[in-house]
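Below is one structure; the comments refer to it alone.
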Amino acid sequence: MTNAELNNFRPLPISDTHIHYLYAKPLEESLGIFKTFIEYFGMKSITLLSIAQGSGHRGFDPTCNIKGLYLKSRINGDGAARAYVYGSPIHFYDERDTAEGYLSQVEKMYELGVDGYKLLDGKPAMRKALGKPLCDPVFEGMYEFIEQKGMPLKIHMNDPRKYWGPKELLTPGQIARGWWCGDGTYPTFDEVYGELEAILTRHPKLKLCIAHMGYLTDDYPHAVRLLEQFENLTFDLTPGAATFKSFTDNPELWSEFLERYSHRIFLGSDTYNLIEDTEENVARGIFERSGGRITLVRRMLEHRAEDSFEYAPFGTLRPINLPDGMLKNIYTENALRLHGEGREINRSAAIREAERLHYELSHGAYPEFNPEELPLELSNLELIIKHFS
Ligand SMILES: [Zn+2]
1 MTNAELNNFR PLPISDTHIH YLYAKPLEES LGIFKTFIEY FGMKSITLLS
51 IAQGSGHRGF DPTCNIKGLY LKSRINGDGA ARAYVYGSPI HFYDERDTAE
101 GYLSQVEKMY ELGVDGYKLL DGKPAMRKAL GKPLCDPVFE GMYEFIEQKG
151 MPLKIHMNDP RKYWGPKELL TPGQIARGWW CGDGTYPTFD EVYGELEAIL
201 TRHPKLKLCI AHMGYLTDDY PHAVRLLEQF ENLTFDLTPG AATFKSFTDN
251 PELWSEFLER YSHRIFLGSD TYNLIEDTEE NVARGIFERS GGRITLVRRM
301 LEHRAEDSFE YAPFGTLRPI NLPDGMLKNI YTENALRLHG EGREINRSAA
351 IREAERLHYE LSHGAYPEFN PEELPLELSN LELIIKHFS
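Here's what the structure looks like:
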């Protein structure tokens, strides 16, 4: 059974523009998981977003970018689906963080053949650690390069506004991940949006996509104002399920919004290189827990209002039953229009990069890197070198 059959979805392929692969696993295992998901969820394309640092799931992984290129190469080579990969920068949080450094990181990623760039830096803990605004002059050269090359840029902006409020509003799990930011030491939600607007004002051609609907579905006028003011700005529908609580509460408003902007909204799920389902489900070829957010998004967009369902902690969610034409934009057309055939991987540059990382990791160049993960990542790098040779 596929995800579409199991959930009574329409026979439409999907392009998931928000997938991560940051769990520490042998590359062959991650590849197998993604191939399984591509088939099960009916994916026409996937966008693998590198997160080299700052995720709640894994601290620091300088090999993330090059592993993404390997996965892209293997998935495209097998014709399973079209895979795109976005690179991400590394911060040192010291005097090594220079304008030249940020520019040369993105230039190198572009030379390697990434399809876009991913910034997690608008997330409260990342933004706080950065100690400077997202529009700081140190990032100017990087943004200018991304704009000039027409590289898609995916940015994580803020978190739900309530995370700045009283701690009791968060679940223990959210607090444990360090997501509460209401102690007065974090830049505010609105400050960080002000920084983004400063970037977009200087670089109006940036193909910038804000993940998770920018946590703005509790502020419809703000979301509309951004889209109207910056014509190249887009959003992805990756949960935060609070988005779907907003859809439930104001179905006409948001259906109209999605209709008006269906060419600027992408499907995304935050699916990982992780199989989480019960053994019984996996034996039946069902991966509803591992890719459960895909099911959540599709249920909300495709099913009828009477097919409402319970979703903790938001209570009842009510689907909005969009027409096929809009879904085609959101599900596949926008992603294909944005990425096209995808960029070619520079195999010799990829080998050099993997060799450099191999040397640096084995010589202790990254004190933040977890030494227990060293044998795994060294063998992953060796596989990459072999593959591209
Ligand atoms: Zn994500």
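Once you know that position 328 of the sequence shown is 328 in this note's numbering, the rest is easy, because the numbers rise by one and skip nothing.
Note that the Cβ used here is the ideal one computed from N, Cα and C, for glycine as well.
Phe230 sits buried, since 16 or more C-beta atoms from the chains shown fall within 10 Å of its C-beta. DSSP places Arg337 within a helical segment (H, G or I) once states are collapsed to three.
Non-local C-beta neighbours of Ile19 in its own chain, meaning closer than 6 Å and more than five positions away in sequence, comprise Ile46, Leu48, Thr271, ordered along the chain. Less than 8 Å divides the Cβ of Asn380 from the Cβ of Pro26. Counting of Cβ neighbours within 10 angstroms places Arg298 among the buried residues, the total reaching 16 or more. Secondary structure at Pro152: strand, using DSSP grouped into helix, strand and coil. By the criterion of a C-beta distance shorter than 7 Å, Glu353 is surrounded in its chain by Ile66, Leu112, once the five residues flanking it on both sides are discounted.
With a threshold of 7 Å, the Cβ atom of His20 counts as near ligand 1, since some heavy atom of the ligand is closer than that. With a contact defined as Cβ atoms closer than 8 Å, Ile14 and Phe41 qualify at about 6 Å. Where His18 is concerned, the enclosing beta strand (DSSP E) starts and stops at 14-19. The DSSP assignment places complete alpha helix (DSSP H) segments of no fewer than 4 residues inside the segment 195-259 at 220-229, 242-249, in order along the chain. The three-state secondary structure of Tyr193, taken from DSSP, is helix. With at least 16 other beta carbons inside 10 angstroms of its own, Met109 counts as buried. As the crow flies, the alpha-carbon of Ala83 is around 9 Å from that of Arg74. Judged by beta-carbon spacing, Met300 lies within the 8 Å limit of Phe247, meaning their Cβ atoms are closer than that value.
Taking a cut-off of 8 Å for Cβ pairs, the segment 222-239 and the segment 174-186 do not touch, as fewer than three such pairs fall below it. Of all C-beta pairs linking the segment 200-209 to the segment 141-151, three or more are shorter than 8 Å, placing the two stretches in contact. For Thr47, there is no enclosing alpha helix (DSSP H); the enclosing beta strand (DSSP E) covers residues 43-49.
Between Met126 and Gln148, the alpha-carbon positions lie close to 26 Å from each other.
Within 7 Å of the C-beta of Leu49 there is at least one heavy atom belonging to ligand 1. Beta-bridge annotation (DSSP): Gln53 is paired with Phe60. Cβ-Cβ distances below 6 Å link Lys123 to His156 in the same chain, with the five nearest sequence neighbours on each side left out; the list follows chain order.
Under DSSP, Arg347 forms no beta bridge with any residue. If you draw a 10 Å sphere on the C-beta of Asp121, you find 16 or more other C-beta atoms in it, and that means buried. Here Lys245 has Phe314 as same chain residues with Cβ atoms under 6 Å from its own Cβ, once five neighbours each way along the sequence are excluded. Of the other Cβ atoms in all chains shown, 16 or more fall within 10 Å of the Cβ of Lys118; this residue is therefore buried.
Non-local beta-carbon contacts of Ile175 in its own chain, meaning distances under 7 Å to residues more than five positions away in sequence, involve Lys167 in chain order. For ligand 1, no non-hydrogen atom lies closer than 7 Å to the CB of Asp159.
Judged by DSSP in its simplified three-state form, Tyr359 adopts helix. Per DSSP, the unbroken beta strand (DSSP E) holding Ala83 starts and ends at 82-87.
When secondary structure is reduced to three states using DSSP, Thr332 falls in the helix class. Note on Phe92: under 16 other CB atoms within 10 angstroms of its CB, so exposed under the neighbour-count rule.
A straight line joining the alpha-carbon of Ile320 with that of Leu253 spans about 11 Å. At the C-beta level, Ala99 and Glu373 stay beyond 8 Å of one another. Shown here for Pro152: same chain residues with a beta carbon closer than 6 Å to its own, the five before and five after excluded, namely Gly116, Lys207, Leu338 in chain order. Judged by beta-carbon spacing, Tyr186 lies beyond the 8 Å limit of Lys132, meaning their Cβ atoms are not closer than that value.
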